[in-house]
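Notes to accompany the following structure.
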Amino acid sequence: MEQNFQNPQILDFEIPDFSDLKLTSVSPKYLRIILFNLGLFSVFLIGAVSTAFYFFYFNLSLIQVWAIVIGIFLMIVFLFLNTLIGFKFRKYAVREKDLVYQYGWLKRSVIIVPFNRIQHIKVEQGWFSKILGLKSVSVFTAGVSGGDVTVNGLPEDIAEGINHHIRGTISKEKTDDGGEA
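Sequential numbering of the sequence shown, starting at 8, is according to my numbering.
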């Protein structure tokens, strides 16, 4: 007996093409913050290893000591290079109905958050960001992890503009749907 099983697609969704999307780079000043934090981490790492050598020296051979020193040096160099190269790929776009954020150079990620999925939005500014005139915009969704996006390194006026645009769009959609704004 011959069965003719078919499973045709019911809904034909048009998947948007993001290749023509013009993304905007975050402020170059934000690289200073990342490098400052990475420098602090490097100093802490070198200090911790030096302290461990001073207090817990376990008759390591000269080769073992050099292997540890070279390993730490290579790790710090990799972190700095990763930061410098990857910074070029930190970009965002705000469209009529969603926020797009791209990051990463070894593993490129693009996150798109539709405004109608946003639960709340937060604008933050750290002490170093305040000196440089930068803010961060975070949007949180009700979905599982991966739906939340934080765009760091935005100029203050752009961050506030994105905040007002998203809040205005969400309020308008709620009003149009008959809910409270």
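Every residue, glycine too, gets a C-beta built ideally from N, C-alpha and C. Remember, it's a predicted structure, so these values are computed and weren't measured experimentally.
| query | result |
| --- | --- |
| Span of the beta strand (DSSP E), counted from its first residue to its last, around residue 122 | Residue 122 -> no beta strand (DSSP E), and no H or E assigned at all. |
| Residue 61 - containing beta strand (DSSP E), residue span | First-last for residue 61: 37-62, but that is the alpha helix (DSSP H), not the beta strand (DSSP E). |
| Stretch-stretch touch, CB-based, cutoff 8 Å, three pairs: the stretch 47-57 with the stretch 162-175 | no |
| Of the listed residues 166, 181 and 117, nearest to residue 128 (C-alpha basis) | 166 |
| Cβ pair residue 126, residue 142 closer than 9 Å | no |
| Stretch pair the stretch 83-99 + the stretch 111-127: three plus CB contacts closer than 8 Å | yes |
| CB of residue 121 within 9 Å of CB of residue 104, strictly | yes |
| Status (buried if at least 16 other CB within 10 Å, exposed otherwise) for residue 34 | buried |
| Cα-Cα separation between residue 40 and residue 67, rounded to whole angstroms | 37 Å |
| Simplified DSSP assignment, three categories, for residue 103 | coil |
| Exposure of residue 140, with buried meaning 16 or more beta-carbon neighbours within 10 Å | exposed |
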